[in-house]
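Asker: Numbering (this note's numbering), first residue to last: 1214 to 1514. Where is the CB? At the ideal position from N, CA and C, for every residue including glycine.
1) Does the beta-carbon distance from residue 1470 to residue 1388 come in below 7 Å?
2) Tell me whether residue 1503 sits in a helix, a strand or coil according to DSSP, three-state version.
3) Assuming residue 1431 is part of the beta strand (DSSP E), what are its boundary residues?
4) Helix, strand or coil: how does DSSP classify residue 1460 here?
5) Which one of 1335, 1352, 1350 and 1351 has the shortest CA to CA distance from residue 1344?
6) Taking C-beta to C-beta, are residue 1458 and residue 1382 nearer than 7 Å?
7) Where do the N-terminal and C-terminal ends of the beta strand (DSSP E) with residue 1359 fall, by residue?
8) Using CA atoms only, rank isn't needed, just tell me which of 1365, 1454, 1372 and 1407 is closest to residue 1397.
9) Just to confirm, are residue 1390 and residue 1428 a CB contact at a threshold of 7 Å?
10) Tell me whether residue 1496 sits in a helix, a strand or coil according to DSSP, three-state version.
11) Kindly list the residues whose CB is nearer than 8 Å to the CB of residue 1356, restricted to its own chain and excluding five residues on each side of it in sequence; keep chain order.
12) Taking buried to mean at least 16 other C-beta atoms within 10 Å of its own C-beta, is residue 1375 buried or exposed?
13) Is there contact here, the segment 1487 to 1494 with the segment 1461 to 1470, by at least three beta-carbon pairs under 8 Å?
14) Check whether the Cβ atoms of residue 1433 and residue 1339 lie closer than 7 Å to each other.
15) Who are the Cβ neighbours of residue 1372 in its own chain at under 6 Å, not counting the five residues just before and after it?
16) What number of angstroms, rounded off, separates the C-alpha of residue 1362 from the C-alpha of residue 1409?
17) Going by C-alpha to C-alpha distance, which of 1451, 1416, 1399 and 1445 sits closest to residue 1426?
18) Using the Cβ count rule (16 or more neighbours within 10 Å means buried), how would you classify residue 1379?
19) Assuming residue 1385 and residue 1303 make a contact with CB atoms under 8 Å, what is their CB distance in whole Å?
20) Where does the unbroken beta strand (DSSP E) through residue 1387 begin, and where does it stop?
21) Determine the burial state of residue 1474: buried for a count of at least 16 other Cβ atoms within 10 Å of its Cβ, exposed for fewer.
22) Can you tell me whether residue 1489 is helix, strand or coil according to DSSP?
23) Once you ignore the five residues that flank residue 1401 on each side, which residues in its own chain have a CB closer than 6 Å to its CB?
24) How about residue 1454 and residue 1407: do their beta carbons lie closer than 7 Å?
25) Are residue 1403 and residue 1456 close, meaning C-beta to C-beta below 7 Å?
26) Please confirm whether residue 1417 and residue 1394 have their CB atoms less than 7 Å apart.
27) In three-state terms, what does DSSP make of residue 1414?
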């Protein structure tokens, strides 16, 4: 039995399940699955070599999780010949197999349906549902197994701290790109300086810092990438873009900041110098006050 794809919960997606029938070879049949619907992927148990397969389920951006459906149907011939027993188990790395409930809860089977439906329905998919599902079918002396690896993904939410900047030459501004609530942890985030002329490639911003990765109570990850922009006249009219790539995305997420820089006037420079002078005076006064207190402090002898 081979299943070459699975379902997704979230936006509409067209999938291409590959079905293998005993003696008939392979054929492909497009199936469209939309969020909120129950869309089975079926195959027949025949005299084929079982191989592991992969399916993915996607959580929506909100915490309301949709249904995922894993389906494996017994062949009609085997169903009519003998009683058939079906068992589903979940295997996780470093843990023992855990048998899945056959009725009630979020995981259920369909023993009441005719023609040997061995489907497993997982409602409101959670990150803890990720793992390898083992379907075992026993009919008389025949035992067949199929391993289906279920991967869960969560799209990141990406924001920047400002949308546009108006700076004076020499002024500094911290640009922060927050990437939140994504899964799995592997992710690629870049700050880019976009060119003003068409046909040119963007430049990667140097000296970008990364915060520590935080894991929330629901299992998703969050972190930030940021840098300090010192405005120059060459930055005037340029756009800085935070570009995020993740396995849950069909295309990278981009969040941009447009920068306008004006030349510093003599008045501006005078104000900057005055501010620096006042800061220096304040530091010197505090240092002098500390020394006076140290000399006037009574000695212990």
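Answerer: This is what the structure holds:
1) yes
2) Under the three-state reduction of DSSP output, residue 1503 falls in the helix class.
3) Neither: residue 1431 is in no beta strand (DSSP E) and is coded neither H nor E.
4) coil
5) 1335
6) no
7) 1355 to 1367
8) 1365
9) no
10) helix
11) Excluding five sequence positions before and after residue 1356, the CB atoms of its chain that fall closer than 8 Å to its own CB belong to 1349 and 1350, given in chain order.
12) exposed
13) no
14) no
15) 1391
16) 46 Å
17) Ranking 1451, 1416, 1399 and 1445 by CA distance to the CA of residue 1426 puts 1399 first.
18) exposed
19) 52 Å between Cβ atoms; not a contact.
20) 1385 to 1395
21) buried
22) helix
23) The answer, listed in chain order, is 1458.
24) yes
25) yes
26) no
27) Three-state result, residue 1414: coil.
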